[in-house]
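Asks: Below is the structure I would like to discuss, written out as structure tokens.
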DNA sequence: ACGGTGACACCAG
DNA sequence: TCTGGTGCCACCG
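Numbering (this note's numbering), first residue to last: 133 to 238.
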């Protein structure tokens, strides 16, 4: 069954391959709620930093890091985590999503 | 049960 | 291109 939107979201994000990214709306759609993109962000925001969920692989549909900064998860941190995996991130926190997007033919 | 919240997405000007 | 406004809906107190 569904198992809950939250669990599905975390499950899906956990399956994103290293060096790949997905958008919030993409995660929402993959979990059966195409218009619940905002909730995906809210769920990740509530997750502890040590949850093991690769939250940094989730960006917005424009390929831009859309995080609101906090001490555990900031734009700069997300940028570093992505670059460490080989994903190019510009100084404006932009990613070539057409090149790195996971689960969608390009 | 109910209303505020927001790590989005999309559209108008 | 950029800014601002609006629709969205699961989560939390």
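Backbone N, C-alpha and C fix where the C-beta goes; we use that ideal spot for every residue, glycine too. Since we're looking at a predicted model, the values are computed, not measured.
1) Spatial neighbours of residue 225 within its chain, please: C-beta separation below 7 Å, excluding the five flanking residues on both sides.
2) Going by beta carbon distance, what residues of the same chain come within less than 7 Å of residue 218, once the five residues before and after it are set aside?
3) By DSSP, does residue 183 sit in helix, in strand, or in coil?
4) Exposed or buried, which one is residue 236 when buried takes at least 16 other CB atoms within 10 Å?
5) Give me whichever residues DSSP pairs with residue 233 in a beta bridge.
6) Over what stretch of residues does the alpha helix (DSSP H) that includes residue 217 continue unbroken?
7) According to DSSP, is residue 196 helix, strand or coil?
8) Excluding the 5 residues preceding and the 5 following residue 140 in the sequence, name in chain order all residues of the same chain whose CB lies nearer than 6 Å to its CB.
9) What are the boundary residues of the alpha helix (DSSP H) that residue 170 is part of?
Replies: A quick look at the data gives this:
1) Only 196, 197, 207 and 211 meet the Cβ criterion.
2) Residues of the same chain with a CB within less than 7 Å of the CB of residue 218, apart from the 5 flanking positions on each side, are 151 in chain order.
3) Coil.
4) Exposed is the call here.
5) The partner list for residue 233 (beta bridge, DSSP) reads 153.
6) It is not in any alpha helix (DSSP H) - residue 217 carries neither H nor E in the DSSP assignment.
7) Residue state for residue 196 is assigned as strand, using DSSP reduced to three classes.
8) Here the set comprises 163.
9) Run containing residue 170: 169-178, per the alpha helix (DSSP H) assignment.
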